[in-house]
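Heads up, the thing below is written out as structure tokens.
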Amino acid sequence: MPILTLTDLAHDLWTDSLALSPANLGLPTDQDWSITKRTLRGGRRDGVDLIRLHNGRLSIDIVPTRGMGLWRGQYRGDRLGWSSPVVDGPIHPGLVNLAGLGGFGWLDGFDELLARCGLEHNGPPVQDGPFSHGLHGRIQNIPAHLVTVQVSETPPFELIVEGQVDEARLFGPRLRMTSRYSTVPGSNRLVVRDEFVNLGDRPARLAALYHWNFGPPFLENGARFVAAARTVVPQTRRAAEGIGQYDTFGPPEPGFAEQVYLLQLIGDGPDGSTPAMLRSASGTKAVVLRIHTSQLPCFTLWKNTMGPNEGYVTGLEPATNYPNPRPFEQRHGRFVELAPGGRHLVEMTLEVLDTPEAVAAVEAEVKALQDRAAPEVSEAPREPFSPAT
């Protein structure tokens with residue numbers, strides 16, 4: 001089918017609702033896939049557009065209004081996402097004061113499976129010259145100005161949702177992110193492809209972090225993080241307290257103080273392909289991110305095993321840089337330098353596993369990579385990974 005445009009602000013086009021299925025496109029109906037779009041009403045979600053991409057087994061909710069983020073998903077009955085204290089989302093970005101709470105206002109809308117952080121910076125609130133940058137940047141709270149869907153008319157009948165989000169201001173950088181989600185009917189995979197372009201007339205720096213967030217059933221007491229690590233460094237003294245168990249998770253603990261670990265992963269081949277997995281305690285379920293270290297050389301593990309009503313969640317966060325204060329990351333040269341018209345491509349895949357055999361296969365894949373080098377695990381924060389405080 002031709003590309004179907006749902007939103008195009010340049011041409012004053014917006015579609016209130018959509019329902020695509022094999023039947024109404026004249027395609028084979030042996031897979032029960034669908035793409036639907038609706039606009040949410042009521043409360044703080046009023047006016048938020050929601051696109052549900054369902055391939056028959058895997059269902060993903062895409063939120064163009066919130067920077068093309070992923071709100072939540074489901075795979076064969078297992079929830080993808082987490083239980084945030086923000087229970088009335090997805091929150092319209094117009095109701096999120098990023099400058100509020102001392103720069104932590106971003107948290108007022110945080111309830112997603114995938115929240116992008118950036119693009120000028122993606123770390124904690126910081127004053128950098130005349131500008132105050134809030135937690136994790138602005139991109140997740142900027143609505144897409146162009147949104148399209150497409151279904152391939154030939155096998156394997158790829159399902160595609162694409163959107164464009166511009167982060168731009170006067171006297172500042174002008175960056176465009178084109179985000180593409182794709183899957184095929186019956187698959188356990190979602191492919192994410194983002195292209196970042198500098199539309200300005202001067203060089204610009206790009207900071208992009210993918211904040212993937214998971215709770216039960218993948219996160220539980222005894223769950224493990226599995227990845228081939230070259231280096232592991234605690235970001236703070238608090239994180240250093242748990243460095244001996246950085247890759248294992250405990251039960252919900254009310255009042256738990258978050259722990260953050262900064263990693264370099266071992267990749268394979270020229271693009272540095274590597275898996276990072278969160279597996280259940282029994283090893284029968286897992287979520288896997290397949291990334292390329294040539295595109296996203298930094299990886300952050302966020303452990304936030306608070307009480308179930310506070311936010312029992314872990315974050316798997318591949319990125320161009322680490323979520324440190326912007327001046328620190330600039331000093332260590334981790335931002336992507338984009339010339340005028342310059343581009344940076346990111347491709348990754350989310351896989352959901354529900355058999356012990358599939359989980360064991362990824363563990364074997366990780367072991368083969370880890371056998372190339374023993375991990376260097378630091379007992380305390382240290383440069384150049386984080387400020388040594």
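First residue of the sequence shown? That's 1 in the UniProt record's numbering, and the numbers climb one at a time after it.
Yeah, the Cβ is synthetic: ideal placement off N, Cα and C, and Gly gets one too.
Since this is a predicted model, take the numbers as computed values, not measurements.
By DSSP, does E329 sit in helix, in strand, or in coil? Here residue 329 refers to the residue found at position 329 when the sequence shown is read from its first residue. Three-state DSSP puts E329 in a helix.
From S280 to G222, what does the alpha carbon distance come to, in whole angstroms? If you number the sequence shown from 1, residue 280 lands on position 280. If you number the sequence shown from 1, residue 222 lands on position 222. Spanning the two alpha carbons is a distance of roughly 7 Å.
Please confirm whether T284 and P340 have their CB atoms less than 8 Å apart. Counting from one through the sequence shown, the residue named residue 284 turns up at place 284. Counting from one through the sequence shown, the residue named residue 340 turns up at place 340. Cβ atoms of T284 and P340: not closer than 8 Å.
According to DSSP, which residues form a beta bridge with Q264? Stepping through the sequence shown from its first residue, residue 264 is reached at position 264. T231.
For E162, which beta-bridge partners are listed by DSSP? For the purposes of this step, residue 162 is identified with residue 162 of the sequence shown, where counting begins at 1. T148, R180.
Does DSSP put W106 in a helix, in a strand, or in coil? Indexing the sequence shown from 1 puts residue 106 at position 106. W106: helix per DSSP, three-state reduction.
CA-to-CA distance, N198 to R174, given in whole angstroms: Reading the sequence shown from its first residue, position 174 is the one you call residue 174. Reading the sequence shown from its first residue, position 198 is the one you call residue 198. Distance between the alpha carbons of R174 and N198: 6 Å.
Excluding the five sequence neighbours on either side, which residues of its own chain have a C-beta within less than 7 Å of the C-beta of H54, listed in chain order? Taking the sequence shown and counting its residues from 1, the one referred to as residue 54 is at position 54. Same-chain partners within the cutoff: W33, S34.
Would the region 361-376 and the region 211-230 be scored as touching if the rule is three or more Cβ pairs under 8 Å? yes
Considering Cα atoms alone, identify which of R41, F335, R72, N324 is closest to V233. If you number the sequence shown from 1, residue 233 lands on position 233. Minimum Cα distance to V233 is reached at N324.
Let me know the secondary structure DSSP gives Q370 once reduced to three states. Mapped onto the sequence shown, residue 370 falls at position 370. Q370 falls in the helix class under three-state DSSP.
Could you tell me which of G172, D166, E162, G100 sits nearest to L4, measuring between CA atoms? On the sequence shown, position 4 is the one that residue 4 refers to. When only C-alpha atoms are compared, the closest one is E162.
Is it the case that the Cβ atoms of Q140 and G81 are separated by a distance below 8 Å? As a working note, residue 140 is residue 140 in the sequence shown. As a working note, residue 81 is residue 81 in the sequence shown. Contact flag unset, no.
How would you call H133, buried or exposed, if buried means at least 16 neighbouring beta carbons within 10 angstroms? Mapped onto the sequence shown, residue 133 falls at position 133. Looking at its Cβ environment, which holds 16 or more other Cβ atoms inside 10 Å, H133 is buried.
Between V352 and the ligand ADP, is there a pair consisting of the residue's CB and a ligand heavy atom that are separated by less than 7 Å? In terms of ligand content, the structure shown is empty, and the ligand ADP therefore cannot be addressed.
Do V352 and Y75 count as a contact pair if the criterion is CB distance below 8 Å? Residue numbering aside, residue 75 sits at position 75 when the sequence shown is read from its first letter. Residue numbering aside, residue 352 sits at position 352 when the sequence shown is read from its first letter. Contact: yes.
DSSP three-state assignment for N24, whether helix, strand or coil: Residue 24 sits at position 24 when you count from the first residue of the sequence shown. The answer is helix: DSSP assigns N24 an H, G or I state.
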